[in-house]
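A short worksheet on the structure shown next.
Protein chains: 2
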Amino acid sequence: MANLRQASLRHANLALVTRTVLAAETPPSRADVAAATSLTRSTVSRLVDELVAGGVLEEVESVVGGPGRPGRPATPLTASRGHFAALGLQIGVGHLAARLVDLSGTVLAERLVNVDLAGSKPSSALRRLGSLAARVLAEAPEGCRVVGAGLALPGLVDVGSGRLLSAPNLGWEDVVPGTGLEEALGGLELKLRVGNEADLAAYAFAHPAPGRDNEPQDFVYLSGEVGIGGAVVLDGEVMTGRHGWAGEIGHVCIDPDGPPCRCGSTGCLEQYAGRLAMLSAAGLDVAAIDGELRGRVEAGDEQACDAVRSAGRALGIALGGVVNVLDIPTVVLGGHLAQVGELLSPEVEAVLARRVLSAHWVTPRVAIAPDDPAAGATGAALIALEELVRHPADVLGT
Amino acid sequence: MANLRQASLRHANLALVTRTVLAAETPPSRADVAAATSLTRSTVSRLVDELVAGGVLEEVESVVGGPGRPGRPATPLTASRGHFAALGLQIGVGHLAARLVDLSGTVLAERLVNVDLAGSKPSSALRRLGSLAARVLAEAPEGCRVVGAGLALPGLVDVGSGRLLSAPNLGWEDVVPGTGLEEALGGLELKLRVGNEADLAAYAFAHPAPGRDNEPQDFVYLSGEVGIGGAVVLDGEVMTGRHGWAGEIGHVCIDPDGPPCRCGSTGCLEQYAGRLAMLSAAGLDVAAIDGELRGRVEAGDEQACDAVRSAGRALGIALGGVVNVLDIPTVVLGGHLAQVGELLSPEVEAVLARRVLSAHWVTPRVAIAPDDPAAGATGAALIALEELVRHPADVLGT
DNA sequence: AGGGTTTGTTTTGTCGTGCAACTTATATCC
DNA sequence: GGATATAAGTTGCACGACAAAACAAACCCT
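Line by line, the protein sequences give chains R and C.
Under the working numbering, the residue at position 393 of the first sequence is numbered 379, and the numbers go up by one with no gaps.
Under the working numbering, the residue at position 397 of the second sequence is numbered 383, and the numbers go up by one with no gaps.
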């Protein structure tokens, strides 16, 4: 519990002003910020001047087609572009990704390679990722300051120590990715934050850009990769739980007498709605392309339709329990589940309507995330930038 | 998003000092508070003086058997006793309760009556509760200021409007308890906060007194009344969800092909581990006393043991899902589940160890709440007092 | 009795904000 | 085209809250 000195007051108000500018739909003037924060214009002016001088905010040329109101025209403010950025990395089972995102949410540079990493050696994968990162960093514009880096991983992560405890789909155990990436990031003295892929993708869904909020701000996110990862977002924040392992919806029990799961339990959701389970139930090969299942369903293939329906039913049962416990009536399907999202959602919504206690008052809804294999990388970068939004004073000279 | 003026700085530090004093195990001196908050002694002194003058804190006579260190002896500080209090009310299926709790966590006055309210008329029950409340308020010591009131209800509550949407076990629908209690509370101009019984009981379990924290601060609470209510506590705060309906663990699905539940779904936890389900599985009458089941198990009655085991298994399955999703490896059994807690916990822990993905790193544990039928009333009072702890400036003259 | 030690108070200085007056830049009206 | 209205942004001053340091108080120990 930190105390409040006068300086922290200024820090807090700098953060408040920054956040207000970033959160706004259209670039606000100093006066708009003053009105929104209930600070006085004089105070806002002083804070904004500092933030502009420090390169956090930018003054935009007033738009020509403006409203044309009487009075002195406003100076619109936005997040600076290209001055501060963060590096987002991702290791998936089938790809590596590196992205450089700036304070305005713009992707300054990006590299994505598809490569099968199942059963791979961590050190070589990290070396490859390191070279991707280095190339992306080299593309940063002149005068761009990289303030943080994050890495999205498909497994159980210990956020505190930056350790990947277990990633069954990669076959990795107890890896510290930071050491393998030091080379590429060493020169920048960047602390690498690691996080769960689903958690970070969910964060990216809730926040299109640093400090900006998307609707909804409360939802359950399901990320279908090989298994089914998940995340719970409350008020725009990812609920990571006591140790950072929250969101393992893939291993919620659908039927205690169901098929055994590789986690050691039985009847887990993953055994009903995982990628492998859905494909084999539809009579497709494991190596089938994602579009194949969708095509069959749209063609009216009975077996494929049954496969999707039963996956939807299992998802509904698992999510029904989650919604009952958390009262978060929005579910977002991401990853490979997004690709068959339209097919799944009717069945999922039907089961939810029946199984959720409060469905009578608020109907649970299913939303579908945009199909971005590197959403976790974006989320990792956004979380690093969020640190800057929270403490803008740290990057100001003062 | 509130701005920060200088006054709010003082408010925040008043709150910080108050919380520091209340949270301390033993009454701290001004110097202790300064050390804990990293404020200076001079600042703490001024703030404490104000709080003592306002009746929020009290100076205690230094203990005779003190440590006997050199230097000027300290003046220990504690929460004031009997100056500020809040009224906690509870309507259960089998009882009504009213409690007056002060800032030190002491119960100043209390009334509890056992009465069967299943299928009762809300208005008459509220009238009875009102008279209980009036009698408890009359017992308040001289000079005691009642700063808030709360009501714990066994059902779905809309916290914003103070409305009870549905309490199936009472047979109540769409009741606004505040209007029925105006008479008893009207003279005090108290805003009545309503809340879910399990949420408030869970809060009371996490906080033995206002501003004080109990271990654990993160847990899933199960409240067995007639049905099974629940609550999720994160970092000492009850997670109420988007609409305040979180925690309905009783209707998590154990088996989609299981018996129908009165909620309209099938195979809900309540059908396996509810009071009725457990008693009938054990071959006992619905009206059996709670101790009866326990007695039979301890006597080695096979049917009773089976009933408890199968309830424990169902609890384990439901809680396993919750722990996987929330990463909160502590479960607290309250209400009638607490009475058979020692019998249930071995089976529940065994199932959790098997079904929780992260059990390998952190073993999920079951704890048992103290048996207090009016724990919800205490929680309601504590939450009202928490408001004072958060904004002590509001009750100071300044 | 006197030095040492820790608590609590007083005094002075610094810093950030609010307030109000002022300047700047545009639109509108006659 | 000039006067006026309107709103944005700036400047100077006062207030309030905290920090720092010196001081007073109360107790232990030798």
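For glycine and all other residues, C-beta sits at the position ideal for the given N, C-alpha and C.
A quick note: this is a predicted structure, and the numbers were derived from the prediction, not measured.
Rounded to a whole number of angstroms, what is the C-alpha to C-alpha distance between V309(C) and V342(C)? Straight-line spacing of the CA atoms in V309(C) and V342(C) works out to 7 Å.
Would the stretch 122 to 135 of chain C count as touching the stretch 185 to 203 of chain C if we require 3 or more Cβ pairs under 8 Å? Contact fails: fewer than three Cβ-Cβ distances are below 8 Å.
Three-state class that DSSP yields for G164(R) in the structure shown: G164(R) carries a helical assignment under DSSP once its states are collapsed to helix, strand and coil.
Answer with buried or exposed for S90(C), where buried requires no fewer than 16 other C-beta atoms within 10 angstroms of its C-beta. It counts as buried.
Residues of the stretch 224 to 241 of chain C with Cβ closer than 9 Å to any Cβ of chain R, in chain order: Residues passing the 9 Å Cβ filter: M225, T226, G227, R228, H229, G230, W231, A232, G233, E234, I235, G236, H237, V238, C239, I240 and D241.
Are V87(R) and A65(R) close, meaning C-beta to C-beta below 8 Å? Against a cut-off of 8 Å, the Cβ pair of A65(R) and V87(R) comes out as no contact.
Can you tell me which residues form a DSSP beta bridge with P246(R)? Bridge partners of P246(R): T252(R).
Output needed in chain order: residues of the stretch 8 to 24 of chain C with a Cβ under 7 Å from some Cβ in chain R. Residues of the stretch 8 to 24 of chain C that bring their beta carbon within less than 7 Å of a beta carbon in chain R comprise T23 and S24, in sequence order.
Starting from L123(R) and walking both ways along the alpha helix (DSSP H), at which residues does that stretch end? L123(R) -> alpha helix (DSSP H) spans P108 to A124.
Could you pull out every unbroken alpha helix (DSSP H) segment of at least 4 residues lying fully inside the stretch 299 to 332 of chain R, listed in chain order? Fully enclosed alpha helix (DSSP H) runs of 4 or longer: 322 to 325.
Between the Cα of V294(C) and those of A273(C), G260(C), V317(C) and D160(C), spot the shortest distance and give me the residue it belongs to. Checked all of A273(C), G260(C), V317(C) and D160(C); the closest Cα to V294(C) is G260(C).
If you drop the 5 nearest sequence neighbours on each side, which residues of the same chain put their C-beta closer than 8 Å to that of D160(R)? Within the same chain, Cβ atoms closer than 8 Å to the Cβ of D160(R) are found at R149, L150, L151 and S152, the five residues on either side in sequence being excluded.
Given that S251(R) touches chain C, what residues does it touch there, using C-beta distances under 9 Å? Going along chain C in sequence order, the residues near S251(R) (Cβ under 9 Å) are G306, R340, R341, V342 and L343.
Give me, in chain order, the residues of the same chain whose beta-carbon lies closer than 8 Å to that of G253(C); leave out the 5 immediate sequence neighbours on both sides. Closer than 8 Å at the Cβ level, and outside the excluded window around G253(C), lie C239, I240, D241, P242, D243, G244, P245 and C247.
Which bits of chain R does V218(C) rub up against, with CB to CB less than 9 Å? At a C-beta separation below 9 Å, V218(C) has these neighbours in chain R: V311 and L312.
Assuming contact is defined by CB atoms lying nearer than 8 Å, are A363(R) and A138(R) in contact in what I supplied? For A363(R) and A138(R), yes; Cβs fall inside 8 Å.
Just reading off the beta strand (DSSP E) that N182(R) is part of, what are its end residues? Per DSSP, the unbroken beta strand (DSSP E) holding N182(R) starts and ends at L178 to N182.
Which first and last residues belong to the alpha helix (DSSP H) in which H(-3)(C) is found? First-last of the alpha helix (DSSP H) with H(-3)(C): Q(-8) to A9.
Does H346(C) pass the burial test, meaning 16 or more other C-beta atoms within 10 Å, or should it be called exposed? Its Cβ having fewer than 16 others within 10 Å, H346(C) is exposed.
Using 8 Å for Cβ pairs, my map puts L103(R) next to I77(R). What's the rounded Cβ distance? For L103(R) against I77(R), the beta-carbon gap comes to about 7 Å, under 8 Å, which counts as contact.
List, in order along the chain, the chain C residues whose C-beta lies closer than 7 Å to that of V348(R)? Within chain C, the residues near V348(R) are H229.
Please tell me whether P245(C) has its Cβ less than 8 Å away from any Cβ of chain R. It does not: the Cβ of P245(C) has no partner Cβ on chain R nearer than 8 Å.
Are the C-beta of P315(C) and some C-beta of chain R separated by less than 8 Å? Taking Cβ atoms only, chain R reaches closer than 8 Å to P315(C), which makes this a yes.
Quick one: Cα of E175(C) to Cα of S109(C), how far? C-alpha separation (whole angstroms): 21 Å.
Is I303(C) close to chain R, meaning its C-beta is less than 8 Å from at least one C-beta of that chain? Closer than 8 Å to some Cβ of chain R, the Cβ of I303(C) qualifies, so yes.
Using alpha carbons as the reference points, say which of A17(C), L323(C), E201(C) and H(-3)(C) lies closest to D276(C). For D276(C), the closest alpha carbon among the candidates A17(C), L323(C), E201(C) and H(-3)(C) is that of L323(C).
Please report the distance separating the alpha-carbon of L262(C) from that of L301(C). Roughly 15 Å separates the two Cα atoms.
Residues near G197(R) by beta carbon distance below 6 Å, same chain, minus five either side: Result list for G197(R): R5, L8, A9 and V375, in chain order.
Let me see if you follow: with CB-CB separation under 8 Å, is L156(C) close to chain R or not? So no, L156(C) is outside the interface.
With a threshold of 8 Å, are at least 3 pairs of Cβ atoms found where one atom belongs to the stretch 198 to 211 of chain C and the other to the stretch 314 to 322 of chain C? The stretch 198 to 211 of chain C, when compared against the stretch 314 to 322 of chain C, does touch it at the 8 Å Cβ threshold.
Please state the DSSP three-state secondary structure of D144(C). In the structure shown, D144(C) sits in a strand (DSSP, three-state: E or B).
Ordered along the chain, which non-local residues of its own chain (more than five positions away) have a Cβ less than 6 Å from that of S44(R)? Checking the displayed sequence, the identity of residue 44(R) turns out to be Glu instead of Ser. T64 and S66.
Can you tell me whether DSSP reads C291(C) as helix, strand or coil? Helix, per DSSP.
What would DSSP say about Q203(R), mapped onto helix, strand or coil? In this structure, Q203(R) counts as coil in the three-state DSSP scheme.
The alpha helix (DSSP H) that contains E278(C), what's its start and end? Run containing E278(C): D276 to E284, per the alpha helix (DSSP H) assignment.
Pull up the distance between the alpha-carbon of G54(R) and that of V46(R), whole angstroms please. Taking the straight line from one Cα to the other gives about 17 Å.
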